[in-house]
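Asker:
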Amino acid sequence: ATFSSDGVHGDWFYLATAARSPATGERRERVDRFSHNWTMLCGQAHSRGRLGTAVEQISDLFPRAVDRIRDELTTATRQEFDLQPCLRDIWHDNLLFCGEVVSGVIDASACRAENVATDLARLIGSLVGDDHDRWARALAVYQQTNPLDPGEQALVGILDRSGVLLAAAVWLERIATGLVTDPVPPSIATRVGDVVRRLETLVEAS
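Residue 14 is where the sequence shown starts when you use my numbering, and the numbers rise one by one after that.
1) Within this structure, are the beta carbons of residue 130 and residue 102 separated by less than 8 Å?
2) Report yes or no: do the stretch 155-166 and the stretch 34-48 share at least 3 C-beta pairs separated by less than 8 Å?
3) Is residue 125 helix, strand or coil by DSSP?
4) List, from N- to C-terminal side, the alpha helix (DSSP H) runs of 4 residues or more that fit wholly inside the stretch 92-147.
5) Between which two residues does the alpha helix (DSSP H) holding residue 78 run?
6) Using a C-beta cutoff of 8 Å, does residue 59 count as contacting chain B?
7) Mind checking whether residue 68 and residue 58 have CB atoms under 8 Å apart?
8) Residues in its own chain within less than 8 Å of residue 213 by CB, not counting five upstream and five downstream?
9) Quick one: using the 10 Å Cβ neighbour count with 16 as the cut-off for buried, is residue 175 buried or exposed?
10) Under 8 Å by Cβ, that's how I've got residue 14 and residue 97 pegged, so tell me the actual separation to the nearest angstrom.
11) Do residue 104 and residue 135 count as a contact pair if the criterion is CB distance below 8 Å?
12) Work out the CA separation of residue 215 and residue 44 for me, nearest whole Å.
13) Would you call the CB atoms of residue 197 and residue 64 closer than 8 Å?
14) What residue from 28, 187, 206, 218 has the CA that sits closest to residue 99's CA?
15) List the endpoints of the continuous beta strand (DSSP E) containing residue 29.
16) What would DSSP say about residue 47, mapped onto helix, strand or coil?
17) With a threshold of 16 other CB atoms inside 10 Å of the CB of residue 159, please say whether the residue is buried or exposed.
18) Considering just the uninterrupted stretch of the alpha helix (DSSP H) at residue 199, what are its terminal residues?
Have a look at this one:
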């Protein structure tokens, strides 16, 4: 929040007020790309024969959630927010702990200027899933240090929901293109299962 640019990497790291969130437009474009290619991707994923149940579920659930997410992102792209350098891929596997104390944060490859809602959505969603009480607690604790305005609070939810939808689509694409090998590593099966469960909750709430 107090970052001072040296000008060398100004396209990526900067402070801005009343600016559009880059993530909203980019995610809207990705949602449209997946929608356009969905039938083809589903066919390719089915033919691979890997994580068949998850492929069936994602194939069915994505079309049932996509219109809502597209509308939310479209609305968000018209709004303006404060931007600052953010990690953007801060989730539980990128946090190192000593006991209950965070001792390190790894993988800064996605860093760039964004609204803090991006980091909050990624981190809280990875830690508490769809537990609404724990979401409220996490946001309340964060806002003791940095209060969010109503637009930012809404953006956290939009980015979390769109993140769930796109995570499901990305995993289906990885299966379709052969990036998920056979036998499927247990860690990947677990991650895909978590995504499917969150996508099911998203569809049920639509």
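Backbone N, C-alpha and C define an ideal beta-carbon position, used for all residues, glycine too.
Answerer: According to the structure shown:
1) Taking the sequence shown and counting its residues from 1, the one referred to as residue 130 is at position 117. Taking the sequence shown and counting its residues from 1, the one referred to as residue 102 is at position 89. No; because the gap between Cβ atoms is not below 8 Å, this pair is not in contact.
2) no
3) Within the sequence shown, numbered from 1, the residue matching residue 125 stands at position 112. If DSSP states are grouped into helix, strand and coil, residue 125 belongs with the strands.
4) 130-141
5) By one-based count along the sequence shown, residue 78 stands at place 65. Judged by DSSP secondary structure, residue 78 falls within the alpha helix (DSSP H) whose first and last residues are 65-90.
6) The chain inventory of the structure shown lacks chain B, comprising one protein chain alone.
7) Against the sequence shown, residue 68 aligns to sequence position 55. Against the sequence shown, residue 58 aligns to sequence position 45. Taking 8 Å as the Cβ cut-off, residue 68 and residue 58 qualify as a contacting pair.
8) Counting from one through the sequence shown, the residue named residue 213 turns up at place 200. Within the same chain, residue 213 has close Cβ partners 70, 74.
9) Taking the sequence shown and counting its residues from 1, the one referred to as residue 175 is at position 162. The residue in question, residue 175, is buried, as its Cβ has 16 or more Cβ neighbours within 10 Å.
10) Taking the sequence shown and counting its residues from 1, one reaches residue 14 at position 1. Taking the sequence shown and counting its residues from 1, one reaches residue 97 at position 84. With 8 Å as the limit, residue 14 and residue 97 qualify as a contact, their Cβ atoms being about 5 Å apart.
11) For the purposes of this step, residue 135 is taken as residue 122 along the sequence shown, with counting starting at 1. For the purposes of this step, residue 104 is taken as residue 91 along the sequence shown, with counting starting at 1. Yes, they are a contact pair.
12) Taking the sequence shown and counting its residues from 1, the one referred to as residue 44 is at position 31. Taking the sequence shown and counting its residues from 1, the one referred to as residue 215 is at position 202. In a straight line, the C-alpha of residue 44 is about 15 Å away from that of residue 215.
13) Position 184 of the sequence shown, counted from the start, is the residue given in the question as residue 197. Position 51 of the sequence shown, counted from the start, is the residue given in the question as residue 64. Going by C-beta atoms, residue 197 is nearer than 8 Å to residue 64.
14) Translated into positions along the sequence shown, residue 99 becomes position 86. That would be 28, whose Cα lies nearest to the Cα of residue 99.
15) On the sequence shown, residue 29 is found 16 positions in, with the first residue counted as 1. According to the DSSP assignment, residue 29 belongs to the beta strand (DSSP E) that extends over 29-32.
16) Mapped onto the sequence shown, residue 47 falls at position 34. Reduced to three states, the DSSP call for residue 47 is helix.
17) Looking up residue 159 in the sequence shown gives position 146. By the neighbour-count rule (16 or more Cβ atoms within 10 Å), residue 159 is not buried but exposed.
18) Here the question's residue 199 lines up with position 186 in the sequence shown. Note, residue 199: alpha helix (DSSP H), 199-218.
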